[in-house]
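Residue numbers (the UniProt record's numbering): 1 to 211.
Notes for the one structure printed next.
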């Protein structure tokens with residue numbers, strides 16, 4: 001699982017990396033990001049061009065409706081966490097399967113955190129998680145949310161993660177293009193992308209203790 005990541009790259013720089021239209025103001029994102037925070041997301045717009053938008057981190061299915069038990073969307077996703085989507089069941093689980101079919105996304109990061117360590121890519125400042133997004137409209141409010149796809153951890157991350165999980169990292173241009181290809185709708189066509197990134201392509205360092 002991934003429940004904390006870091007992004008120090010500015011919004012316009014993120015958009016420029018993939019030739020996307022920037023819909024976010026500078027300073028829209030905090031450097032340290034946790035579930036429910038606003039995070040940067042690259043997705044396809046209505047004309048199939050890429051755009052950078054801000055989404056809340058914890059995916060809310062568009063079919064969600066308020067109830068007496070869960071009057072707000074945040075109360076719902078706190079009870080049923082959706083900040084990660086397991087790649088093994090991404091096309092089956094009700095919360096994620098439609099977003100997997102036609103609302104895949106890229107989420108930039110400069111590092112992710114697991115049990116006292118930050119993990120990044122060797123020689124690469126900004127890299128990309130496989131993500132999903134969705135849009136839910138309740139009364140007059142439109143809520144745009146996202147999730148990070150996870151897979152089995154490689155040995156480097158697995159030494160520090162009790163559940164042996166890590167984000168799906170799309171480290172190559174071909175992988176990113178395939179992930180964002182709207183013509184691909186079956187999980188099996190993307191199976192190779194769900195393999196954990198090789199240990200030797202990653203680096204890690206201890207997180208500084210809280211002051």
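Think of the CB as a built atom: it goes at the ideal place given N, C-alpha and C, for glycine as much as any other residue.
Check	Outcome
Are the CB atoms of residue 130 and residue 41 within a distance shorter than 7 Å?	no
Ends of the alpha helix (DSSP H) at residue 173?	173–179
Pair every Cβ in the region 107–127 with every Cβ in the region 92–99, then say whether three or more of these pairs are closer than 8 Å.	no
Considering Cα atoms alone, identify which of 186, 120, 136, 74 is closest to residue 6.	120
Starting from the C-beta of residue 10, find all residues in its chain whose C-beta is less than 7 Å away, skip the five residues before and the five after it, and write them out in chain order.	26
Count the CB pairs spanning the region 174–184 and the region 32–40 that are closer than 8 Å, and state whether there are at least three.	no
Note down the Cα distance separating residue 28 from residue 92, rounded to an integer number of angstroms.	33 Å
Take residue 115 as the anchor and find which of 127, 161, 139 has the nearest alpha-carbon.	161
Would DSSP call residue 104 helix, strand or coil?	strand
Using the rule of at least 16 other Cβ atoms within 10 Å of the residue's Cβ for burial, across every protein chain shown, is residue 163 buried or exposed?	exposed
Report the partner residues of residue 118 according to the DSSP bridge assignment.	113, 205
Name the DSSP beta bridge partners of residue 85, please?	149
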